[in-house]
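Visitor: Heads up, my numbering is the position in the sequence shown plus 87, with the first residue counted as 1.
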Amino acid sequence: MSDEQAAALRRRADAEHTSMQQVALVAIDEYLAQPTGQGRRRSVPVDELFEAFGDLPPMDADRFRSDQAEHIDGSVHFDAYLRAVEGSE
């Protein structure tokens, strides 16, 4: 911790009438509670999912796969795979 950071921590602790350690612990707790990456996924109870999406028709897995096959360029995937394999040798 730099001298400037320590001074700022001391000022915050004085303003909140608490210890520097307590201010630091609160900051750590808040940091750890933040989402990570590109927006952290949170768990959602199954009941909420059924409430939100329960009225949708069931999905036809075979039709879903065939729709995906129309839009996926397998040669690009294969090319990327070959580049990765060649690059690791």
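Even for Gly, the Cβ is constructed at its ideal location relative to N, Cα and C. As the structure is a computational prediction, the values presented were derived from the model and not from experiment.
With a 10 Å radius around its C-beta and 16 neighbouring C-beta atoms as the bar for buried, classify V133 as buried or exposed.
Guide: What you label residue 133 is simply residue 46 of the sequence shown in a count that begins at 1. Looking at its Cβ environment, which holds fewer than 16 other Cβ atoms inside 10 Å, V133 is exposed.
Visitor: Is the separation between the beta-carbon of L96 and that of A120 shorter than 8 Å?
Guide: For the purposes of this step, residue 96 is taken as residue 9 along the sequence shown, with counting starting at 1. For the purposes of this step, residue 120 is taken as residue 33 along the sequence shown, with counting starting at 1. It is not a contact, given that the beta carbons lie outside the stated cut-off.
Visitor: In angstroms with no decimal places, state the Cα-to-Cα distance between E157 and F151.
Guide: Taking the first residue of the sequence shown as position 1, residue 157 is located at position 70. Taking the first residue of the sequence shown as position 1, residue 151 is located at position 64. Computed Cα separation, rounded: 10 Å.
Visitor: Does E131 come out as helix, strand or coil in the three-state DSSP assignment?
Guide: The residue you call residue 131 lines up with position 44 of the sequence shown. Checking the sequence, you will find Val at residue 131 rather than Glu. Looking at V131 - three-state DSSP - the assignment turns out to be coil, as it is neither helix nor strand.
Visitor: How big is the Cα-Cα spacing for A139 and P145?
Guide: In the sequence shown, counting from the first residue as 1, residue 139 sits at position 52. In the sequence shown, counting from the first residue as 1, residue 145 sits at position 58. So the alpha carbons of these two residues sit roughly 14 Å apart.
Visitor: Return the first residue and the last residue of the alpha helix (DSSP H) that Q121 is part of.
Guide: Taking the sequence shown and counting its residues from 1, the one referred to as residue 121 is at position 34. Element bounds for Q121: n/a, residue is neither H nor E.
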